[in-house]
Amino acid sequence: MAAETPNIPLLTPYKLGKFDLSHRVVLAPLTRQRSYGNVPQPHAILYYSQRTSKGGLLIAEATGVSDTAQGYPETPGIWTREQVEAWKPIVDAVHAKGGIFFCQIWHVGRVSNQGFQPNGQAPISSTDKPLMPQVRANGIDVAQFTPPRRLRTDEIPQIVNDFRLAARNAIEAGFDGVEIHGAHGYLIDQFMKDEVNDRTDQYGGSLENRCRFALEVVEAVANEIGADRVGIRLSPFADYMESGDSNPKALGLHMAESLNKYGILYCHMVEPRMKTVWEKSKCPNSLLPMRKAFKGNFLVAGGYDREDGINAIAENRADLVVYGRLFLANPDLPKRFKLNAPLNKYDRETFYILDPIVGYTDYPFLEDMAA
Ligand SMILES: Cc1cc2nc3c(=O)[nH]c(=O)nc-3n(C[C@H](O)[C@H](O)[C@H](O)COP(=O)(O)O)c2cc1C
1 MAAETPNIPL LTPYKLGKFD LSHRVVLAPL TRQRSYGNVP QPHAILYYSQ
51 RTSKGGLLIA EATGVSDTAQ GYPETPGIWT REQVEAWKPI VDAVHAKGGI
101 FFCQIWHVGR VSNQGFQPNG QAPISSTDKP LMPQVRANGI DVAQFTPPRR
151 LRTDEIPQIV NDFRLAARNA IEAGFDGVEI HGAHGYLIDQ FMKDEVNDRT
201 DQYGGSLENR CRFALEVVEA VANEIGADRV GIRLSPFADY MESGDSNPKA
251 LGLHMAESLN KYGILYCHMV EPRMKTVWEK SKCPNSLLPM RKAFKGNFLV
301 AGGYDREDGI NAIAENRADL VVYGRLFLAN PDLPKRFKLN APLNKYDRET
351 FYILDPIVGY TDYPFLEDMA A
């Protein structure tokens with residue numbers, strides 16, 4: 001067993017608004033596709049509580065805001081009474097261990113097909129430009145997308161309202177707050193990025209116009225549950241799902257500056273090196289300008305290991321560091337970082353399978369390995 005190292009910056013306490021965190025290691029939102037019929041399942045109680053530490057922040061997997069929000073099999077929602085009730089014991093389990101739990105609220109937009117949509121209708125988006133079929137994470141299956149229907153200007157307030165209601169439901173389910181999913185080529189990103197958004201109304205064209213939908217969602221959600229419970233995730237540099245932008249730095253900066261007006265709890269940005277969700281690449285860009293421009297708490301994610309996370313905190317590049325794949329495979333990640341202990345390797349093959357245990361709650365804890 002590795003010896004305990006002196007307290008590393010990553011494991012120092014932090015006051016995130018009204019939440020007293022005991023360390024800076026955050027569980028990333030991780031889609032797991034085990035919420036059958038879009039209803040969170042009892043097996044998620046074990047999954048999330050395994051990854052809870054006293055004073056640790058967890059962000060739940062992306063959770064649909066409405067019946068048009070879905071684009072992957074068996075992902076959870078938070079728009080029905082049944083879904084809200086099903087989240088409650090999961091949230092309670094995280095709280096029982098002293099964790100702070102945010103729900104990531106999500107609309108996939110055009111990253112969908114009619115099989116996921118009510119009455120087989122076309123998915124909705126900022127555009128009617130279709131997506132090319134994409135190989136799924138398992139490297140075998142190919143996801144097919146139905147050409148989207150461009151939202152009319154007068155329909156947009158309804159979608160903003162869906163996010164507002166989802167946030168209200170999340171609070172009712174017991175979550176401490178919500179993270180608005182504005183990253184990775186999903187609906188909000190489809191408005192922000194100029195590779196996708198080809199609108200001519202007040203939601204398209206200029207940078208201000210393309211960010212309008214995102215900011216309307218932020219404002220509505222903040223008004224509903226309080227800005228001190230709201231975060232947003234953005235990936236200006238990513239071009240996942242054909243959602244690149246011709247000037248990602250300007251986009252990231254504009255969002256960071258505009259968000260200041262709403263006084264939200266945090267801005268969570270994905271590192272430019274994660275141009276696609278999967279691969280870390282060498283990249284000259286940095287989130288530092290956005291970190292400096294945003295007045296609230298700044299979270300970073302994407303390709304972090306222990307060393308990199310320590311440096312990010314020590315150099316004040318971030319307030320908190322968000323870990324995806326490493327936390328998925330190491331339920332006791334903060335403890336392993338503390339001890340500088342070896343890490344379990346993640347198994348990509350089991351990321352998106354539907355099993356309630358395999359690749360989900362069967363990664364060993366340090367104690368199990370010692371025994
Ligand atoms: C299995 C899996 C599921 C993911 N699901 C989501 C998600 O629901 N919402 C989201 O914003 N990002 C999602 N991501 C991206 C992660 O949150 C994270 O940004 C990415 O894995 C890079 O961080 P890492 O290098 O620490 O893994 C997912 C990534 C993986 C591997």
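Here the sequence shown is numbered in full-length UniProt numbering, starting from 1 and rising by one per residue. A virtual CB, placed ideally from N, CA and C, is assigned to each residue, including glycine.
Taking just the CA atoms, how far does residue 114 sit from residue 147? One C-alpha to the other measures close to 9 Å.
I'd like to confirm something about residue 323: is its beta-carbon nearer than 7 Å to some heavy atom of ligand 1, or not? In this structure, residue 323 has its CB closer than 7 Å to one or more heavy atoms of ligand 1.
Which word fits residue 357, buried or exposed, when buried means at least 16 other C-beta atoms lie within 10 angstroms of its C-beta? When all chains shown are included, residue 357 counts as exposed.
The stretch 70 to 81 / the stretch 25 to 42 touching (three or more Cβ pairs under 8 Å): Here the stretch 70 to 81 lies against the stretch 25 to 42, with 3 or more beta-carbon pairs under 8 Å apart.
Is it right to say residue 282 is buried, meaning 16 or more other beta carbons lie within 10 angstroms of its own, or is it exposed? Under this definition residue 282 is an exposed residue.
With a CB to CB cut of under 8 Å and the five nearest residues on each side skipped, what residues in its chain are close to residue 364? Result list for residue 364: 344, in chain order.
DSSP on residue 50, reduced to helix/strand/coil? Helix, per DSSP.
Length of the line joining the Cα atoms of residue 130 and residue 354: Distance between the alpha carbons of residue 130 and residue 354: 28 Å.
For residue 29, is the beta carbon positioned less than 7 Å from some heavy atom of ligand 1? Ligand 1 has a heavy atom closer than 7 Å to the beta-carbon of residue 29.
Pick from 121, 80, 152 and 111 that is closest to residue 133, judged by C-alpha positions: Of the candidates 121, 80, 152 and 111, the one whose C-alpha sits nearest the C-alpha of residue 133 is 111.
Can you confirm whether the stretch 135 to 142 touches the stretch 83 to 101 when touching is taken to mean that 3 or more C-beta pairs between the two stretches lie within less than 8 Å? No, the stretch 83 to 101 is not in contact with the stretch 135 to 142.
So is residue 372 buried or exposed if we call it buried at 16+ other beta carbons inside 10 Å? Nothing about residue 372 can be read from this structure; the chain reaches only from 1 to 371.
Extent of the continuous beta strand (DSSP E) to which residue 129 belongs: It is not in any beta strand (DSSP E) - residue 129 carries neither H nor E in the DSSP assignment.
From the DSSP output, in three-state form, read off residue 327 for me. Residue 327: helix per DSSP, three-state reduction.
Given this structure, state the Cα-to-Cα distance separating residue 29 from residue 200, to the nearest angstrom. The alpha-carbon atoms of residue 29 and residue 200 are separated by roughly 33 Å.
Would the stretch 180 to 196 and the stretch 246 to 255 be scored as touching if the rule is three or more Cβ pairs under 8 Å? They touch, by the three-pair rule.
Indicate whether residue 299 and residue 266 have their beta-carbon atoms separated by less than 8 Å. Result yes, Cβ atoms of residue 299 and residue 266 sit closer than 8 Å.
Buried/exposed call for residue 142, threshold 16 Cβ in 10 Å: Residue 142 comes out exposed.
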